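Reading through the C-alpha cells given below for one structure.
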Amino acid sequence: MFKTVRNSLLALLAAMPLLALAAPSAHEVVQQTTDTLLADLKANKDRYRSDPNAFYQSLNDILGPVVDVDGISRGVMTVRYSRQASPEQMSRFQENFKRSLMQFYGNALLEYNNQDIRVLPGSGKAEGDRTSVGMEIRDGKGAVYPLSYTMVSLDGTWKLRNVVINGINIGKLFRDQFAQSMQSNRNDLDKVIDTWADTVARARQARGES
C-alpha cells in the first residue's frame, strides 16, 4: 500500500510542472492575441497604410495560429459543397479564404484610430468545447460596437471559429456569398474558389467599406 501511495505522489509531483503550464483559456487566447495585434498595429500603422500586403501578412502571422481555418471554411462551403470538394480544392479554398478573411478584418483595423478596444471579462463558468468571448469597440464619439468571437477547443487549444461584429455574423455572411457565387457560376466549384477574393471584395464594397 505504501508503495502505491509513494508512486502516486511521485506521479503527482512529476505532473505539477505540466499543470503550471496549462493551456490558456479561450478568454486568455483572445486577450493575448488582441494585445499583440494592437501593439503591432500601433508600431507599424503608417507603413501598413502604404503597404497593406505587409499588414495582411502580419495579421496572418498573429491570427493564423488561432483561427480554425478548416472549420470555418467547411462551414462557409456547407456540407453540400464541402463533400463534393477534392482535398486539393479544399486546400485551395482554405488558403483563399484565409487571405480574404485577413483582408476583410485588416481593412477594418486600418481604420482604427485610437478607439478603445477591450476584451470583456470572462464569465468564470466552465467553457466546455465551445464558448464565446465578447469585446467592445468604442469610437471617438463614444459609440460602442459589440464584437463576439466564437471559440472552439481543438486538441486542447482554443481557436476562432466565427466572428459577430455589431450584429453582423461574418460566418453567415461568407456562407451566403459562397452559395450565391455557386449559383451565379453554375456550380463551378473551381471558379468559385479561384474568384473568392473578388467575391468578398465586391461584397465589402456593396456594404460601403473601403
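FYI, in mature numbering (1 follows the signal peptide of the UniProt record, and there is no 0) the residues of the sequence shown are -22 to -1, 1 to 188.
We treat Cβ as the ideally placed atom computed from N, Cα and C, and that holds for glycine.
Note that the structure is a prediction, hence the values are computed from the model and not measured.
CA-to-CA distance, residue j to residue i, given in whole angstroms
{"i": "residue 107", "j": "residue 130", "result": "6 Å"}
{"i": "residue 144", "j": "residue 126", "result": "9 Å"}
{"i": "residue 5", "j": "residue 133", "result": "17 Å"}
{"i": "residue 170", "j": "residue 82", "result": "18 Å"}
{"i": "residue 172", "j": "residue 42", "result": "21 Å"}
{"i": "residue -2", "j": "residue 178", "result": "A caution first: residue -2 carries a pLDDT of 48, below 50, which makes its placement in the model unreliable, though a value can still be read off. Those two C-alpha atoms are separated by around 40 Å."}
{"i": "residue 123", "j": "residue 59", "result": "34 Å"}
{"i": "residue 30", "j": "residue 76", "result": "15 Å"}
Assigned secondary structure, residue i (DSSP; H/G/I helix, E/B strand, else coil)
{"i": "residue 144", "result": "coil"}
{"i": "residue 135", "result": "strand"}
{"i": "residue 2", "result": "coil"}
{"i": "residue 106", "result": "coil"}
{"i": "residue 53", "result": "helix"}
{"i": "residue 73", "result": "helix"}
Cβ shell of residue i (< 6 Å), same chain only, five flanking positions each side left out
{"i": "residue 9", "result": "97"}
{"i": "residue -5", "result": "Caution applies to residue -5, whose pLDDT of 38 falls short of 50 and renders its modelled position unreliable; the value that the coordinates give is listed next. Correct list: empty, nothing qualifies."}
Bridge partner(s) assigned by DSSP for residue i
{"i": "residue 112", "result": "126"}
{"i": "residue 96", "result": "114"}
{"i": "residue 45", "result": "138"}
Whole-number beta carbon distance between residue j and residue i, since they are thought to touch under 8 Å
{"i": "residue 44", "j": "residue 137", "result": "6 Å"}
{"i": "residue 115", "j": "residue 16", "result": "About 11 Å separates the two Cβ atoms, so there is no contact after all."}
Neighbourhood of residue i by C-beta distance below 8 Å, restricted to the same chain and skipping five residues each side
{"i": "residue 167", "result": "59, 62, 63, 67 and 160"}
Same chain only: Cβ atoms within 7 Å of residue i, ignoring 5 sequence neighbours per side
{"i": "residue 18", "result": "36 and 40"}
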